[in-house]
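Chemist: So that you can map any letter, position 149 of the sequence shown is 149 in full-length UniProt numbering, and since no number is skipped, the others follow by simple counting. By construction, the Cβ of each residue, glycine as well, lies at the ideal position given by its N, Cα and C atoms. The structure is given below, and queries will be raised subsequently.
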Amino acid sequence: MAEEDKIFNLSTVTKNFTDSLMEDNEDVCLAAYINAYKELNKVFRLLGRIFSFVESDVVNKLEILSTCLKNKPDSYVTVKTMLEYECFNQEKPLDQGSRTLLRLHRALNFIILFVNGLIESHYEGTPMSTIVKDVYDKTLAEYHGFFIRKSVGLAVYTLPTTDEILRGFFGIPEGEKIPTKKIHNEAQDFHGASHMVYYRVQQAYLRENLLDLP
């Protein structure tokens, strides 16, 4: 991977999530969602080795969704069309797109709350170990086994500093003062787009009674 491809760009995520929001039917465009997540996955790298297993898992799941979209573009154009296709006359989805997206959906909840916590840490000085452990316990921990939960609980103390994560997340050069108003506005824009995407996907899965897929 080229060095520039490793650099996280929050505006790319926000734009793709915004573009994924269908105006006419409360749906989410799957291609734009995938594009947003390809960039968003770099966030786990910013957290250090602690979440490298999540980053690798996300790469695998994005490949699965991309293959579904490539092979059957009409059926996988949006989240709703995917669920309708995979669940038609089925008690459980007949393909793996629905399960795969659900895993990404759960991880998105972690990232949304993490960004909120990152801003809180900047304003109030809350340790990143406290922020990340709290967010993890509220989101991904429910779906991980004891060993992973225990490992995360210990590894949060090896996280980069708030300053280091802020610089990586918002693209602030080393030595430059962190622009509080700018990062607040960018975080708000991200939250608005990502939270709406999360809400729509949540509602789509809720309607199909698929939120507890194994």
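Given residue 119, which residues of its chain have a CB within under 8 Å of its CB, disregarding the five upstream and five downstream residues?
Modeler: Excluding residues within five positions, the ones whose Cβ falls inside 8 Å are 183, 184, 187.
Chemist: Assign residue 78 to one of three DSSP states: helix, strand, or coil.
Modeler: Reduced to three states, the DSSP call for residue 78 is strand.
Chemist: Between the C-alpha atoms of residue 153 and residue 214, what's the straight-line distance to the nearest angstrom?
Modeler: For residue 153 and residue 214, the distance between alpha carbons rounds to 24 Å.
Chemist: Helix, strand or coil, according to DSSP, for residue 47 in the structure here?
Modeler: Reduced to three states, the DSSP call for residue 47 is coil.
Chemist: By the three-class DSSP mapping on this structure, what secondary structure does residue 21 have?
Modeler: The answer is strand: DSSP assigns residue 21 an E or B state.
Chemist: If residue 178 and residue 159 are in contact, beta carbons under 8 Å, what's the gap, nearest whole angstrom?
Modeler: With 8 Å as the limit, residue 178 and residue 159 do not qualify as a contact, their Cβ atoms being about 17 Å apart.
Chemist: Please state if the CB of residue 135 and the CB of residue 114 are separated by a distance shorter than 8 Å.
Modeler: A contact, by the Cβ cut-off of 8 Å.
Chemist: If you draw a straight line from the C-alpha of residue 1 to the C-alpha of residue 42, how long is it?
Modeler: Only weak support exists for where residue 1 lies, its pLDDT of 48 falling under 50; the value from the coordinates is given anyway. Taking the straight line joining both Cα atoms gives about 12 Å.
Chemist: Do residue 13 and residue 36 have their beta-carbon atoms positioned less than 8 Å apart in this structure?
Modeler: Yes; because the gap between Cβ atoms is below 8 Å, this pair is in contact.
Chemist: Hey, how far is the Cα of residue 51 from the Cα of residue 10?
Modeler: Their backbone Cα atoms lie some 19 Å apart in a straight line.
Chemist: Hey, how far is the Cα of residue 66 from the Cα of residue 49?
Modeler: Going by the C-alpha atoms only, they are around 26 Å apart.
Chemist: What's the gap between the Cα of residue 85 and the Cα of residue 150?
Modeler: Computed Cα separation, rounded: 38 Å.
Chemist: Taking only the alpha-carbon atoms, compute the straight-line gap between residue 197 and residue 176 and give it to the nearest angstrom.
Modeler: Going from the Cα of residue 197 to the Cα of residue 176 covers about 33 Å.
Chemist: Bridge partners for residue 28 per DSSP, in chain order?
Modeler: Answer by DSSP bridge pairing, in chain order: 21.
Chemist: Whole-angstrom Cβ separation of residue 108 and residue 194, contact assumed at under 8 Å?
Modeler: Indeed, because the Cβ distance is near 7 Å, the residues count as touching under 8 Å.
Chemist: Roughly how many angstroms lie between the CA atoms of residue 88 and residue 105, to the nearest whole one?
Modeler: Each residue's alpha carbon lies about 21 Å from the other.
Chemist: Here's the rule: buried if 16 or more other CB atoms are within 10 angstroms of the residue's CB, otherwise exposed. What is residue 70?
Modeler: That one is exposed.
Chemist: Apart from the five residues on each side of it in sequence, which residues of its chain come closer than 7 Å, Cβ to Cβ, to residue 172?
Modeler: 166, 178.
Chemist: So which of 143, 63, 26, 8 has the shortest CA-CA distance to residue 44?
Modeler: Considering only alpha carbons, the answer is 8.
Chemist: To the nearest whole angstrom, what separates the beta carbons of residue 79 and residue 201, a pair I think is in contact under 8 Å?
Modeler: Contact holds; Cβ gap of about 6 Å.
Chemist: Quick check: what's the CA-CA separation for residue 257 versus residue 121?
Modeler: Examination of residue 257 is not possible in this model, given that the chain is present from 1 through 214 alone.
Chemist: Could you check the C-alpha separation between residue 76 and residue 83 for me, to the nearest Å?
Modeler: Distance between the alpha carbons of residue 76 and residue 83: 8 Å.
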